[in-house]
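**Student:** My questions all concern the structure below.
There are 2 protein chains.
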Amino acid sequence: MFSKACEYGIRAAVYIALQSLDGRRVSVNEIAEEIDSPIAFTAKILQQLSRNNIIHSVKGPTGGFQIAREDMDAVKLNMIVKAIDGDAIYVGCGLGLKECNAQKPCPLHDKFVDIRTDLSKMLKSTSLYELATGLEVGLTYLKR
Amino acid sequence: MFSKACEYGIRAAVYIALQSLDGRRVSVNEIAEEIDSPIAFTAKILQQLSRNNIIHSVKGPTGGFQIAREDMDAVKLNMIVKAIDGDAIYVGCGLGLKECNAQKPCPLHDKFVDIRTDLSKMLKSTSLYELATGLEVGLTYLKR
DNA sequence: CAAATAAAGGACATTTTTGTCCGATTAATG
DNA sequence: CATTAATCGGACAAAAATGTCCTTTATTTG
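From first to last, the protein sequence lines are chains A and B. When we follow our numbering, the leftmost residue of the first sequence carries the number -7, and every step to the right adds one. When we follow our numbering, the leftmost residue of the second sequence carries the number -7, and every step to the right adds one.
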């Protein structure tokens, strides 16, 4: 469904949000440790998220990554997915056809539209804050 | 969503079914031409489908691929997807966690279960015959 | 201002997916 | 029975995704 990079990106963003709720700024090393991901690869992905203004980065000692409380509401999952995987999930044809639309649909077109609409709705309506608080109260987990 | 191999596999299977409805057996070359896919790669995928008894192959002159009318009803999309992509789509965690289940869910677990259940239902209930007849009456298209 | 710390970014390495080529096998036909 | 046409299957090639390493840049602190 998502690329590995995107999975790491979402997990990282949720962890950063969780720690930001405690006023903690976190380093790549800590993030990679806590979400069980390769450090250097995770660093790349965090750069992407930072460039897309999804998370905030601070260089130098005491630096690291954080997310402002307001941004946790504003940042929805679809923004993270788009920043990392692009919009292939939303746009492309399920069977890989270049020209596939309501006028000239592939055999799966209509059935795919339904599922993708649901997926899209879910991603657009799920905020980082929602995911982070689920973690905070121990309802959900990020590791393993 | 699906791998390229799986996209080609579905398109090929639908085309074979369509032609089998006319009593025609088709070659790899014709299939690749008609579904706009790389010939040799398509051949590999057809082998997989053949080994999984999803399509039937005949060697030698006048040989090719075909699907019996009854099998078009019996073969559902999920069987093709499983034969080519395995069950990652149905089983894995949306965020890539190894241990993710109702007891120890990732932050997206519940929302993913919903979408995947829909996808799974769709794939399990869609037969090759249904897709082939859509093509036959000109409601849907396979190329480009 | 020097040292230390952390992200940024470029180059490179590995693995997986996608795609190609060619000889072996099978079967039909003259 | 030789030729031919088709799939099968293994080895290889190219491209994309995943992952690593190392230098540069920014910033804090003593």
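Yeah, the Cβ is synthetic: ideal placement off N, Cα and C, and Gly gets one too.
Counting contacts by CB-CB distance shorter than 7 Å, is tyrosine 82(B) in contact with chain A?
**Tutor:** Here residue 82(B) refers to the residue found at position 90 of the second sequence. No, its Cβ sits nowhere closer than 7 Å to a Cβ of chain A.
**Student:** Whole angstroms is fine: what's the gap from glycine 88(A)'s alpha carbon to asparagine 44(A)'s?
**Tutor:** By one-based count along the first sequence, residue 88(A) stands at place 96. By one-based count along the first sequence, residue 44(A) stands at place 52. The alpha-carbon atoms of glycine 88(A) and asparagine 44(A) are separated by roughly 28 Å.
**Student:** Can you pull the chain B residues whose beta carbon is under 7 Å from the beta carbon of arginine 136(A), in chain order?
**Tutor:** On the first sequence, residue 136(A) is found 144 positions in, with the first residue counted as 1. In chain order: Leu89, Lys90 and Glu91.
**Student:** Ordered along the chain, which non-local residues of its own chain (more than five positions away) have a Cβ less than 6 Å from that of cysteine 85(A)?
**Tutor:** Taking the first sequence and counting its residues from 1, one reaches residue 85(A) at position 93. Excluding sequence neighbours, cysteine 85(A) sits near Cys92 and Cys98.
**Student:** Taking buried to mean at least 16 other C-beta atoms within 10 Å of its own C-beta, is valine 145(A) buried or exposed?
**Tutor:** Residue 145(A) falls outside the range modelled here, since chain A spans only -7 to 136, and no answer is possible.
**Student:** Would DSSP call glycine 86(A) helix, strand or coil?
**Tutor:** The sequence position of residue 86(A) within the first sequence is 94, counting from 1. Glycine 86(A): coil per DSSP, three-state reduction.
**Student:** Can you confirm whether the stretch 68 to 83 of chain A touches the stretch 34 to 52 of chain A when touching is taken to mean that 3 or more C-beta pairs between the two stretches lie within less than 8 Å?
**Tutor:** With the cut-off at 8 Å, the stretch 34 to 52 of chain A and the stretch 68 to 83 of chain A touch.
**Student:** Determine, using beta-carbon pairs with one atom in the stretch 53 to 64 of chain A and one in the stretch 17 to 32 of chain A, whether at least three such pairs fall under 8 Å.
**Tutor:** A contact exists between the stretch 53 to 64 of chain A and the stretch 17 to 32 of chain A.
**Student:** With three or more C-beta pairs closer than 8 Å as the rule, is the stretch 102 to 118 of chain B touching the stretch 1 to 18 of chain B?
**Tutor:** At 8 Å Cβ cutoff, the stretches do not touch.
**Student:** Please identify the residue among Ile81(B), Ile27(B), Val105(B) and Asp63(B) whose C-alpha is closest to the C-alpha of glutamate 122(B).
**Tutor:** Stepping through the second sequence from its first residue, residue 122(B) is reached at position 130. The candidate whose alpha carbon is nearest that of glutamate 122(B) is Asp63(B).
**Student:** Just list the residues that DSSP pairs histidine 48(B) with in beta bridges.
**Tutor:** Here residue 48(B) is taken as the residue at index 56 of the second sequence, counted from 1. Gln58(B).
**Student:** Tell me the start and end of each unbroken alpha helix (DSSP H) in the stretch 86 to 118 of chain B that is at least 4 residues and wholly inside, in chain order.
**Tutor:** For the stretch 86 to 118 of chain B, whole alpha helix (DSSP H) runs of length 4 or above, ordered along the chain, are 101 to 117.
**Student:** Could you tell me if leucine 69(B) is buried or exposed, where buried requires 16 or more neighbouring beta carbons within 10 angstroms of its beta carbon?
**Tutor:** The residue given as residue 69(B) occupies position 77 in the second sequence. Per the 10 Å Cβ criterion, buried.
**Student:** Can you grab the Cα-Cα spacing for the pair phenylalanine -6(B) / alanine 80(B), in whole Å?
**Tutor:** Locating residue -6(B) in the second sequence gives position 2, counting from the first residue. Locating residue 80(B) in the second sequence gives position 88, counting from the first residue. In a straight line, the C-alpha of phenylalanine -6(B) is about 10 Å away from that of alanine 80(B).
**Student:** Within its chain, find whatever has a CB closer than 6 Å to the CB of serine 29(A); leave out the 5 residues flanking it on each side and keep chain order.
**Tutor:** Taking the first residue of the first sequence as 1, we reach residue 29(A) at position 37. These residues qualify, in order along the chain: Tyr0.
**Student:** In chain B, which residues lie less than 8 Å from histidine 48(A) when you measure between Cβ atoms?
**Tutor:** Start at 1 with the first residue of the first sequence, and residue 48(A) comes out as number 56. Per Cβ cutoff of 8 Å: no residues; histidine 48(A) is ~21 Å from chain B at best.
**Student:** I want to verify the contact list: residues of chain A whose CB lies under 7 Å from the CB of glutamate -1(B), in sequence order.
**Tutor:** For the purposes of this step, residue -1(B) is taken as residue 7 along the second sequence, with counting starting at 1. Near glutamate -1(B) (Cβ distances below 7 Å), the residues of chain A are Leu87 and Gly88.
**Student:** Do you know whose CA, among Met71(B), Gly130(B) and Gln11(B), lies nearest isoleucine 46(B)'s CA?
**Tutor:** Position 54 of the second sequence, counting from 1, holds the residue named residue 46(B). The shortest C-alpha separation from isoleucine 46(B) is found at Met71(B).
**Student:** Which partner residues does valine 18(A) have in the DSSP bridge list?
**Tutor:** Taking the first residue of the first sequence as position 1, residue 18(A) is located at position 26. DSSP lists Phe57(A) as partners of valine 18(A).
**Student:** Starting from proline 53(B), find everything on chain A with Cβ-Cβ shorter than 8 Å and list it in chain order.
**Tutor:** Residue mapping note: residue 53(B) aligns to position 61 of the second sequence, counting from 1. Ordered by position in chain A, no residue passes the 8 Å Cβ test against proline 53(B), which lies about 31 Å from the chain.
**Student:** Am I right that glutamate 25(B) and leucine 134(B) are in contact with their C-beta atoms under 8 Å? What's the rounded C-beta distance?
**Tutor:** Counting from one through the second sequence, the residue named residue 25(B) turns up at place 33. Counting from one through the second sequence, the residue named residue 134(B) turns up at place 142. Going by Cβ atoms, the distance from glutamate 25(B) to leucine 134(B) rounds to 11 Å, so no, they are not a contact pair.
**Student:** My guess is that leucine 127(B) and valine 50(B) are in contact by the Cβ rule of under 8 Å, so how many angstroms apart are they, rounded?
**Tutor:** Taking the second sequence and counting its residues from 1, the one referred to as residue 127(B) is at position 135. Taking the second sequence and counting its residues from 1, the one referred to as residue 50(B) is at position 58. Rounded, the Cβ-Cβ distance is 23 Å, inconsistent with contact.
**Student:** Between alanine 60(A) and valine 129(B), what straight-line distance do the alpha-carbon atoms span, to the nearest angstrom?
**Tutor:** Reading the first sequence from its first residue, position 68 is the one you call residue 60(A). Reading the second sequence from its first residue, position 137 is the one you call residue 129(B). The alpha-carbon atoms of alanine 60(A) and valine 129(B) are separated by roughly 55 Å.
**Student:** What is the DSSP secondary structure of lysine 68(B), reduced to helix, strand or coil?
**Tutor:** The residue given as residue 68(B) occupies position 76 in the second sequence. Strand.
**Student:** Leaving aside the five residues before and after serine 12(B) along the sequence, list all residues of the same chain whose C-beta is less than 6 Å from its C-beta, in chain order.
**Tutor:** The count along the second sequence starts at 1 and reaches residue 12(B) at position 20. For serine 12(B), where only same-chain residues beyond five positions count, the Cβ hits under 6 Å are Gln58 and Ile59.
**Student:** Suppose you measure from the CA of serine 112(A) to the CA of glycine 52(B); what does that come to, to the nearest Å?
**Tutor:** Your numbering for residue 112(A) matches position 120 in the first sequence. Your numbering for residue 52(B) matches position 60 in the second sequence. Rounded to whole angstroms, serine 112(A) to glycine 52(B) spans 48 Å at the Cα level.
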